[in-house]
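J.:
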Amino acid sequence: MNLPHSLERTILIEAPRDVVFRYFTDSDRWAAWWGAGSMIDSRPGGRLLIRYPGAVEVTGEVVEIAAPDRIVFTYGYVSGKPFGPGQSLVTISLEPAARGTRVHLHHALPEPDTRDEHVQGWRYQLSLFANVVADDIHRDAERLVDGWFAAWSETSEAERSRALERIAAPGVRMRDRFSCVEGLDDLGHHLTAAHRFMPGLRLQKAGAVRHCQGTVLADWTAVGPDGQPRGQGTNVFALDADGRIESVTGFWALPQRS
């Protein structure tokens, strides 16, 4: 097979390699980032099928698979255009990175024009892949946010500490107009002071969270001991590759002018 032209793309997915790799070995997960009806038989010689929107189908064969390092497969269009089955070769390699997994794609193709046509396609498809994996890793994002606000409002220092340990990384960072703290211990002392100087103040989540690739937005309302709102704002949560809260940045809403 003469494949003199190629394209490459590298992305970082903030998830462990074994989690990322299972999207190459399980048909349901394979279809989650390629499209409904796609499938893969994840063994050398196994068939794969990709179903794009518009009834465009790609088929191929697994050439090599070595978990959790790499998968190699042929890639070609069932229609024969722009090239047929077996007429290009895709290699996807996974490398451990400080914040998860570096995914490197190499696609060898027969012609330069078909290579150029696939540059944006892979940019888009790997972006979908990153989102699918992130949604899996952070499927408990709403629970983590609920736990954060519950811990913030917890009056027992011991209970608050245990709650934060369950949902936050040891080096968790908190930033807002009144906070610049790092680590669980520092955060715990900060919240103890908040309860001392603002007794009875509680934070309540307002509406559903919004999540994209490990970043979560959550609106909130600060409620006083009389049940009346004292302020509102939005927290930006950064989640780590283990699915814990890594940092929180809080934005207080500006008061509206009459």
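Residue numbers for the sequence shown follow this note's numbering, so the first one is 6 and each next one is one higher.
For glycine and all other residues, C-beta sits at the position ideal for the given N, C-alpha and C.
Keep in mind it's a predicted model, so treat the numbers as computed, not measured.
Return the residue from the list 238, 184 and 208 that minimises the CA-CA distance to residue 232.
T.: If you number the sequence shown from 1, residue 232 lands on position 227. Cα-wise, what sits closest to residue 232 is 208.
J.: Would you identify the three-state DSSP class for residue 19, choosing helix, strand or coil?
T.: Residue numbering aside, residue 19 sits at position 14 when the sequence shown is read from its first letter. In the structure shown, residue 19 sits in coil (DSSP, three-state: anything other than H, G, I, E or B).
J.: In three-state terms, what does DSSP make of residue 43?
T.: Locating residue 43 in the sequence shown gives position 38, counting from the first residue. Three-state DSSP puts residue 43 in coil, outside helix and strand.
J.: Let me know the secondary structure DSSP gives residue 139 once reduced to three states.
T.: On the sequence shown, position 134 is the one that residue 139 refers to. It is helical.
J.: When you compare only the Cα positions, how much space is there between residue 121 and residue 248?
T.: On the sequence shown, residue 121 is found 116 positions in, with the first residue counted as 1. On the sequence shown, residue 248 is found 243 positions in, with the first residue counted as 1. So the alpha carbons of these two residues sit roughly 37 Å apart.
J.: Compare the C-beta of residue 87 against all C-beta atoms of chain B and say whether one is closer than 8 Å.
T.: In the structure shown, chain B cannot be found, because there is only a single protein chain.
J.: Do you know how far the Cα of residue 114 is from the Cα of residue 11?
T.: Within the sequence shown, residue 11 is the residue found at index 6, counting from 1. Within the sequence shown, residue 114 is the residue found at index 109, counting from 1. About 6 Å.
J.: Output the residue ranges of the beta strand (DSSP E) runs that lie fully inside the stretch 215-243 and measure 3 residues or longer, sorted by chain position.
T.: DSSP runs (the beta strand (DSSP E)) wholly in the stretch 215-243: 215-217 and 220-228.
J.: Is the stretch 11-21 touching the stretch 53-70 in the sense that three or more CB pairs, one from each, lie closer than 8 Å?
T.: The stretch 53-70, when compared against the stretch 11-21, does not touch it at the 8 Å Cβ threshold.
J.: Looking at the strands, I want to know which residues DSSP matches up with residue 250.
T.: In the sequence shown, counting from the first residue as 1, residue 250 sits at position 245. DSSP output for residue 250 lists 173 and 244 as bridge partner(s).
J.: For residue 91, which of 242, 97, 82 and 98 has the nearest alpha-carbon?
T.: Along the sequence shown, read from residue 1 onward, the residue named residue 91 stands at position 86. Ranking the options by Cα distance to residue 91, first place goes to 82.
J.: Cα separation between residue 87 and residue 216?
T.: Within the sequence shown, the letter at position 82 stands for residue 87. Within the sequence shown, the letter at position 211 stands for residue 216. Distance between the alpha carbons of residue 87 and residue 216: 37 Å.
J.: Considering only residues of the same chain and omitting the five flanking positions on each side of residue 197, which have a CB-CB separation below 6 Å?
T.: In the sequence shown, counting from the first residue as 1, residue 197 sits at position 192. These residues qualify, in order along the chain: 162.
J.: Starting from residue 197, trace the alpha helix (DSSP H) in both directions and tell me its first and last residue.
T.: Taking the sequence shown and counting its residues from 1, the one referred to as residue 197 is at position 192. Segment 189-202, the alpha helix (DSSP H) holding residue 197.
J.: Run through DSSP, which three-state label would residue 59 get?
T.: Along the sequence shown, one-based indexing puts residue 59 at 54. Reduced to three states, the DSSP call for residue 59 is helix.
J.: With H, G and I counted as helix, E and B as strand and the rest as coil, what does DSSP make of residue 30?
T.: As a first step, residue 30 must be located in the sequence shown, where it is residue number 25. Coil at residue 30, not helix or strand.
J.: Excluding the five sequence neighbours on either side, which residues of its own chain have a C-beta within less than 6 Å of the C-beta of residue 178, listed in chain order?
T.: Here the question's residue 178 lines up with position 173 in the sequence shown. Contacts found: 187 and 252.
J.: Run the CB neighbour count on residue 105, radius 10 Å, all protein chains shown included, and call it buried at 16 or more, exposed below.
T.: Stepping through the sequence shown from its first residue, residue 105 is reached at position 100. When all chains shown are included, residue 105 counts as buried.
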